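J.:
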Amino acid sequence: MDSWEAHLFYSQVHLSRIFFANSNLLLPHMWEMRLVAGSIVPLTVLLMVVVLSSLGGQLAAENEDINVREACSVTRFQDICVRSLSSFSHFAGRNPVRWARAGLSVALREAKGVAVYLQEVKRGGQIHGRRQRIALLDCTECLQDTVDNLHRCLRILRVLTREGQSGSEVDDLITWMSTALTDEDTCLDGFEGEKAKQVGHIRQRVLNVTYLTSNALALSNKLATTTIPK
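Sequential numbering of the sequence shown, starting at 1, is according to UniProt numbering.
(1) How many Å lie between residue 223 and residue 156 at the Cα?
(2) On the CB-based measure, 16 or more other CB atoms within 10 Å of its CB, does residue 214 come out buried or exposed?
(3) Assuming contact is defined by CB atoms lying nearer than 8 Å, are residue 174 and residue 221 in contact in what I supplied?
(4) Determine the DSSP secondary structure at residue 28, reduced to helix, strand or coil.
(5) Output the distance between the C-alpha atoms of residue 91 and residue 127, rounded to the nearest integer angstrom.
(6) Could you compute how far the alpha carbon of residue 66 sits from the alpha carbon of residue 190?
(7) Excluding sequence positions up to five away, which residues of its chain have a Cβ less than 6 Å from the Cβ of residue 226?
(8) Please state whether the Cβ-Cβ distance between residue 146 and residue 122 is less than 8 Å.
(9) Helix, strand or coil for residue 144, going by three-state DSSP, please let me know.
(10) Could you check whether residue 132 and residue 192 sit closer than 8 Å to each other, using their CB atoms as the reference points?
(11) Are the CB atoms of residue 186 and residue 153 within a distance shorter than 8 Å?
(12) Give me the residue from 116, 150, 148 and 151 with the minimum Cα distance to residue 137.
(13) What's the gap between the Cα of residue 89 and the Cα of residue 77?
(14) Thinking residue 217 and residue 181 are a contact (beta carbons under 8 Å), I'd like their distance in whole angstroms, please.
(15) Starting from residue 173, follow the alpha helix (DSSP H) in both directions and report where the run begins and ends.
(16) Kindly indicate which residue of 106, 81 and 98 has the alpha-carbon position closest to the one of residue 158.
(17) For residue 74, which three-state DSSP category applies?
(18) Does the Cβ of residue 33 have 16 or more other Cβ atoms within 10 Å, making it buried, or fewer, making it exposed?
(19) Where do the N-terminal and C-terminal ends of the alpha helix (DSSP H) with residue 204 fall, by residue?
(20) Consult DSSP for residue 161 and reduce its assignment to one of helix, strand or coil.
(21) Where does residue 126 fall in DSSP's three states?
(22) Does DSSP classify residue 95 as helix, strand or coil?
Here's what the structure looks like:
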């Protein structure tokens, strides 16, 4: 209960005491009414607090939803963007560099997971046929390059967060991000036309990385035309 609510509560209690003290019509049952009145007031205040808190939480959630949808409006895969980045809304707000970092972090995490998965497939001998094995080796190398390039991008974004906008650094960011996306496409090209079930699993997982990287690239491209807050 804040000071305003406390003041309202005690004022109402004081008024009811004055009323009963000066009345010549006091009857036994009126003492019961006094007790009931004393319990209704704090209950009313409690309900007000609950309702206001609920409305405040709802408005905050709506604002966060607006923020992520606004940020993702520049991306190609908007539904994926909203789903993957909604948890960053409170942190990122309307700061474009934070959204770029969020998109990059999600893409990097997924790329690392797929790189580990490809190593496991290679060690497990789950790919058969010379062409498929060569494609797997190439894809594994491409995904590791993707991880390295996305790490470079993350370092650049950290500098931008600390020091503000720099044209050359934004250009470097876009270059490395585009290179990472090219590596992913090269991986997929190696499995073109292959129908094996395991190959299908690999392609789908790499495709997921391309969607996230594409979105991260779009969020990073926005920095070239936006003043980055320090």
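Even for Gly, the Cβ is constructed at its ideal location relative to N, Cα and C.
Just so we're clear, the structure is a prediction, and the values are computed from it rather than from any experiment.
T.: The relevant details are as follows:
(1) In the sequence shown, residue 223 corresponds to position 223, counting from 1. In the sequence shown, residue 156 corresponds to position 156, counting from 1. Each residue's alpha carbon lies about 12 Å from the other.
(2) Along the sequence shown, read from residue 1 onward, the residue named residue 214 stands at position 214. Buried: at least 16 other Cβ atoms inside 10 Å.
(3) Within the sequence shown, residue 174 is the residue found at index 174, counting from 1. Within the sequence shown, residue 221 is the residue found at index 221, counting from 1. Yes, the Cβ-Cβ distance between residue 174 and residue 221 is below 8 Å.
(4) The sequence position of residue 28 within the sequence shown is 28, counting from 1. Caution is warranted here: a pLDDT of 46 is assigned to residue 28, below 50, making its placement in the model unreliable, and the coordinate value is therefore given only provisionally. The answer is helix: DSSP assigns residue 28 an H, G or I state.
(5) Residue numbering aside, residue 91 sits at position 91 when the sequence shown is read from its first letter. Residue numbering aside, residue 127 sits at position 127 when the sequence shown is read from its first letter. Approximately 42 Å, taken between the alpha carbons.
(6) Position 66 of the sequence shown, counted from the start, is the residue given in the question as residue 66. Position 190 of the sequence shown, counted from the start, is the residue given in the question as residue 190. Cα to Cα, residue 66 sits roughly 40 Å from residue 190.
(7) Here residue 226 is taken as the residue at index 226 of the sequence shown, counted from 1. Excluding sequence neighbours, residue 226 sits near 96.
(8) Translated into positions along the sequence shown, residue 146 becomes position 146. Translated into positions along the sequence shown, residue 122 becomes position 122. Contact flag unset, no.
(9) Here residue 144 is taken as the residue at index 144 of the sequence shown, counted from 1. Three-state DSSP puts residue 144 in a helix.
(10) Taking the first residue of the sequence shown as 1, we reach residue 192 at position 192. Taking the first residue of the sequence shown as 1, we reach residue 132 at position 132. Taking 8 Å as the Cβ cut-off, residue 192 and residue 132 do not qualify as a contacting pair.
(11) By one-based count along the sequence shown, residue 153 stands at place 153. By one-based count along the sequence shown, residue 186 stands at place 186. No.
(12) For this step, residue 137 is matched to residue 137 along the sequence shown. Of 116, 150, 148 and 151, the residue nearest in Cα terms is 116.
(13) If you number the sequence shown from 1, residue 89 lands on position 89. If you number the sequence shown from 1, residue 77 lands on position 77. Cα to Cα, residue 89 sits roughly 18 Å from residue 77.
(14) Against the sequence shown, residue 217 aligns to sequence position 217. Against the sequence shown, residue 181 aligns to sequence position 181. Rounded, the Cβ-Cβ distance is 6 Å, consistent with contact.
(15) Along the sequence shown, one-based indexing puts residue 173 at 173. Counting along the chain, the alpha helix (DSSP H) containing residue 173 begins and ends at 167-190.
(16) If you number the sequence shown from 1, residue 158 lands on position 158. For residue 158, the nearest C-alpha among the options comes from 98.
(17) Taking the sequence shown and counting its residues from 1, the one referred to as residue 74 is at position 74. Looking at residue 74 - three-state DSSP - the assignment turns out to be coil, as it is neither helix nor strand.
(18) In the sequence shown, residue 33 corresponds to position 33, counting from 1. Any reading at residue 33 must be qualified, since the residue scores a pLDDT of 49, below 50, and its modelled position is unreliable; the value itself is stated next. With fewer than 16 other Cβ atoms within 10 Å, it is exposed.
(19) Here residue 204 is taken as the residue at index 204 of the sequence shown, counted from 1. Run containing residue 204: 197-221, per the alpha helix (DSSP H) assignment.
(20) Taking the sequence shown and counting its residues from 1, one reaches residue 161 at position 161. Helix.
(21) Taking the sequence shown and counting its residues from 1, the one referred to as residue 126 is at position 126. In the structure shown, residue 126 sits in coil (DSSP, three-state: anything other than H, G, I, E or B).
(22) Mapped onto the sequence shown, residue 95 falls at position 95. Three-state result, residue 95: coil.
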